[in-house]
Amino acid sequence: MSGVVAVRSQVAEHLDALGRAALIGYLPVGYPSVDGSVAAVRTMIDAGVDIVELGVPYSDPVMDGPVIQRAVDAALAGGTRVGDTIRAVEQVAGRGAPVLVMTYWNLVLRYGVDAFARDLAAAGGAGLITPDLIPDEASDWIAASDTHGLDRVFLVAPSSTPERLASTAAASRGFVYAASTMGVTGERTTLGNRAEQLVADTRAAGAEHVCVGLGVSRPEQAAEVAGYADGVIVGSALVRALLDAPDEAAGLDELARVTSALADGVRSAR
Amino acid sequence: MTGRPTVGPLSDKLLEATAGGPLSTHAGPYFGEFGGRFVPEALIAALDELDTEYHKALTDPAFGRELARLHRTYTGRPSPLTEVPRFAQHVAPGVRVFLKREDLNHTGSHKINNVLGQALLVKRMGKTRVIAETGAGQHGVATATAAALLDLECVVYMGEEDTRRQALNVARMKLLGAEVVPVSIGTRTLKDAINEALRDWVANVETTHYLLGTVTGPHPFPEMVRDFHKIIGEEARAQLLEEIGRLPDAVAACVGGGSNAMGIFNAFLDDPQVRLFGFEAGGAGISSGRHAARFSGGQPGVLHGAKSYLLQDEDGQTLPSHSVSAGLDYPSVGPEHAWLHDIGRADYRPVTDDEAMEAFRLLCRTEGIIPAIESAHALAGAIQLGAELSGWTGDDGHDPVLLINLSGRGDKDVATAAAWFDLIEDEPVVLADQGEQL
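Respectively, the protein sequence lines represent chains A and B.
Sequence positions in the first sequence follow this note's numbering and run 1 to 270.
Sequence positions in the second sequence follow this note's numbering and run 271 to 708.
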């Protein structure tokens, strides 16, 4: 199969249909439990998340800050398996929000790249976000995602050269994930001005859709980013709602509150 | 007399690999199917800059002269080659054993070779801050040393468990002016220290160089760190030729990440009559599951930026490793070793904690040399090889010759050894925690 096969992108079509910037919410599978994470994702969708980013817990998450590390550590300690992600996708797909899976690469390698793509597609997943896989190393994944009709979201960073912005934009499908700052996931009080420039540069390099992640935690930040990007990716602020809650029910309430405030922020842009 | 058995038959993979040119100058990013760059995009620009600057430095005579000057006047190179006949009697009758004495380098191990090379590159790149990971503290101490020498800010990440067990090395790094950051997430050991160093690097890459301590990680680290250590094998080869007029029959080294082994193997890779042996930490035994024997108990996978052999569970989660030697206690291994393993150029075997500690004691008592426990794995491996070695009498009737890289000295291991051999009645100054410290 050649690289120019026209694969329809569930996520890109959703972004186009929204007519505004999307709120993309991250939660890891398995925190506080597999069932608990499914309930949390459903809560997040009901409260206004447009696209779901479902994280697969991994032992060595080098792109994640302390909040997500804590949740992922707890998920692994609780016995969460990679197969639970496929089952969780099944249970949250079809509720109006496309589901992307965020995974470190060794988990997919071990599962089998084509097998993972096949099972994710069968479960109703939209594609993968791969924080430690650059397009240069991704030939197996590019082939498998074409075969199974999945999106592949690669990252760009403020340090990316124009050449790499172009090659990453060309390899991506769905959207390009623009890291707002140099750093790992986590809440930040300011985003700086590099994010807006990076979005503009990535579009100029050929990307149709660019969403911004890393550090966005507040409604006013979400509104600001929604003013120039196709989507606003929020993780740590949502995970914190669950981590800091005294019990699961309170965690879901707080998650709904934080999500809808962010959703209002996104909708208030422009 | 039949002479040595030929090495081989040469595998198809080895023939294919050598058809691509000399093994010793093989360049990254790939070593066969291993290596690569499995890192966040944010780091790619810095890795490209490092690769470019490194290759520019290689062709710059001033860089070579400065590194050579530091090695001569600061590291103490060339390190001696010492024949150890009393130890050799325990390997096999008639076998001659030579030790390459990296233990006599400044800071006590081979680590300084790579650290000085990278620190000079940092100056060329105009960066002002270096970060490093350390398990036992040896690479951290070497990095702190080079940072003091070259006026660089230095931050060393170290698992919280390791900082507690290695309080003296933490103090050494602080004396040298480094900041030591305890890492309290995950398993709180070397692997998690590397995760935290990578997170720091992603955030501070514009001012900061990650001074990676071994032949693992994303390209160009495996190739570059190997090149900074290949002086070990080059010196040993020349010293042996001077001493006995011929090459060794076999070369042995311990393999954690694999930098000392790559350093001594490199000069012999293209001499197929020289057998290469890497000894991994067999810990409490492969069947116990408590080991760091990636070739005996791991499968190919990706960790910390490179594809190589990896201790992992059926989901691909990294498994904790175990060894009496913190320097070998790492779940993955350099990708060039994975390649040499797969093409059959080098042979990797496990050595248990017990075997390593017996060899440690033996070298102390027969030769008056206290080795690092890491290096003791290579000594124990030589004893394992014993019977095989004695069959390798050459065509010219010479005695079999074994070259071992004594990668470090054992000062840092005295507390562990004292506890292991029950030599101290009171608690030692540094608590030896079931021998897991280093």
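For each residue, glycine too, the CB sits at the ideal point set by N, CA and C.
Which residues in the same chain have their Cβ closer than 8 Å to the Cβ of residue i, if we skip the five residues on either side of it in sequence?
i	result
alanine 123 (chain A)	Ile86, Arg87, Val89, Glu90, Ala93
arginine 631 (chain B)	Ala687, Phe691
leucine 693 (chain B)	Ala687
isoleucine 643 (chain B)	Val594, Ser595, Gly597, Ala626, Met627, Phe630, Gly680, Asp683, Thr686, Ala687, Leu708
alanine 417 (chain B)	Ala389, Val400, Glu423, Cys424, Leu446, Gly447, Ala448
glycine 314 (chain B)	Reading off the sequence, residue 314 (chain B) comes out as isoleucine, not glycine. Once the five neighbours on either side are set aside, the close Cβ partners of isoleucine 314 (chain B) are Arg307.
histidine 380 (chain B)	Glu372, His499, Ile502, Ser529, Asn530, Gly533, Asn675, Ser677, Gly678
How big is the Cα-Cα spacing for residue i and residue j?
i	j	result
glycine 273 (chain B)	glycine 302 (chain B)	At glycine 273 (chain B), the pLDDT of 38 sits below 50, so the modelled position is not reliable; the number obtained from the coordinates is stated separately. Cα-Cα distance, rounded: 32 Å.
leucine 340 (chain B)	alanine 414 (chain B)	16 Å
leucine 284 (chain B)	arginine 615 (chain B)	7 Å
glycine 597 (chain B)	histidine 209 (chain A)	46 Å
threonine 259 (chain A)	alanine 22 (chain A)	12 Å
glycine 334 (chain B)	leucine 328 (chain B)	7 Å
phenylalanine 491 (chain B)	threonine 484 (chain B)	8 Å
glycine 568 (chain B)	serine 557 (chain B)	12 Å
aspartate 583 (chain B)	leucine 155 (chain A)	27 Å
aspartate 421 (chain B)	valine 451 (chain B)	20 Å
valine 472 (chain B)	valine 184 (chain A)	7 Å
lysine 577 (chain B)	isoleucine 142 (chain A)	18 Å
alanine 6 (chain A)	alanine 74 (chain A)	40 Å
aspartate 739 (chain B)	alanine 650 (chain B)	Shown here, chain B extends from 271 to 708; a query on residue 739 (chain B) therefore has no answer.
threonine 478 (chain B)	threonine 636 (chain B)	46 Å
glutamine 359 (chain B)	proline 542 (chain B)	27 Å
glutamine 10 (chain A)	leucine 482 (chain B)	41 Å
threonine 622 (chain B)	alanine 245 (chain A)	47 Å
Near residue i, which residues of its chain fall below 7 Å by C-beta distance, leaving aside the five closest residues on each side in sequence?
i	result
alanine 250 (chain A)	none
glutamate 187 (chain A)	Gly215, Ser217, Ser236, Ala237
aspartate 703 (chain B)	With a pLDDT of 46 at aspartate 703 (chain B), under the threshold of 50, the predicted position of this residue should be treated as unreliable, though the coordinate-derived value follows. Excluding residues within five positions, the ones whose Cβ falls inside 7 Å are Arg435.
alanine 563 (chain B)	Glu550, Ala551, Gly552, Ile556, Pro620
leucine 539 (chain B)	Leu293, Ser294, Arg615
leucine 252 (chain A)	Ala39, Ala40, Thr43
leucine 76 (chain A)	Pro57, Ser59
Among the options, which residue has its Cα nearest to the Cα of residue i?
i	options	result
threonine 147 (chain A)	A:Ala241, A:Gly213, A:Ala47, A:Leu120	A:Leu120
isoleucine 382 (chain B)	B:Val495, B:Arg545, B:Val594, B:Leu573	B:Val495
isoleucine 534 (chain B)	B:Glu372, B:Val367, B:Ala297, B:Ala650	B:Glu372
arginine 458 (chain B)	A:Val199, A:Glu13, A:Ser59, A:Val7	A:Ser59
valine 225 (chain A)	A:Ser9, A:Leu252, A:Asp264	A:Asp264
glutamate 137 (chain A)	A:Asp35, A:Val113, A:Arg70	A:Val113
valine 367 (chain B)	B:Gly487, B:Asp683, B:Ile653	B:Ile653
glutamine 408 (chain B)	B:Met428, B:Leu390, B:Gly396	B:Met428
valine 453 (chain B)	A:Asp50, A:Val41, A:Gln69	A:Gln69
alanine 269 (chain A)	A:Gly227, A:Arg240, A:Ala261, A:Arg8	A:Gly227
arginine 394 (chain B)	B:Gly378, B:Val440, B:Ala441, B:Ala332	B:Ala332
threonine 130 (chain A)	A:Ser160, A:Ala205, A:Val199, A:Leu109	A:Leu109
Rounded C-beta distance between residue i and residue j? I'm assuming under 8 Å.
i	j	result
histidine 499 (chain B)	asparagine 384 (chain B)	6 Å
tyrosine 26 (chain A)	glycine 235 (chain A)	3 Å
aspartate 50 (chain A)	leucine 18 (chain A)	6 Å
isoleucine 45 (chain A)	isoleucine 233 (chain A)	With 8 Å as the limit, isoleucine 45 (chain A) and isoleucine 233 (chain A) do not qualify as a contact, their Cβ atoms being about 15 Å apart.
serine 591 (chain B)	histidine 611 (chain B)	Contact doesn't hold; Cβ gap of about 17 Å is too wide.
histidine 489 (chain B)	proline 299 (chain B)	3 Å
valine 266 (chain A)	alanine 207 (chain A)	That pair is no contact at about 20 Å.
For the alpha helix (DSSP H) that residue i lies in, which residues bound it at each end?
i	result
lysine 370 (chain B)	It is not in any alpha helix (DSSP H) - lysine 370 (chain B) instead sits in the beta strand (DSSP E) that spans 366–371.
leucine 419 (chain B)	408–420
glycine 334 (chain B)	331–340
valine 38 (chain A)	34–46
glycine 305 (chain B)	Glycine 305 (chain B) -> not in any alpha helix (DSSP H); beta strand (DSSP E) instead, spanning 304–308.
glutamate 658 (chain B)	643–660
aspartate 140 (chain A)	139–148
tyrosine 111 (chain A)	105–111
proline 66 (chain A)	66–77
arginine 347 (chain B)	First-last for arginine 347 (chain B): undefined, no H or E at that position.
What is the residue span of the beta strand (DSSP E) that residue i lies within?
i	result
arginine 545 (chain B)	545–553
alanine 523 (chain B)	520–524
threonine 404 (chain B)	399–404
valine 450 (chain B)	449–453
histidine 14 (chain A)	First-last for histidine 14 (chain A): 10–18, but that is the alpha helix (DSSP H), not the beta strand (DSSP E).
leucine 54 (chain A)	51–55
glycine 28 (chain A)	First, the residue type needs correcting, since residue 28 (chain A) is proline and not glycine in the sequence shown. Note, proline 28 (chain A): beta strand (DSSP E), 22–28.
serine 578 (chain B)	575–580
If I measure Cβ to Cβ from residue i and keep anything under 6 Å in the same chain, skipping five residues before and after, which residues do I get?
i	result
glutamate 505 (chain B)	Pro348
serine 529 (chain B)	Thr484, Val485, Val495, His499
tyrosine 104 (chain A)	Tyr58, Asp132
threonine 352 (chain B)	Leu369, Arg371
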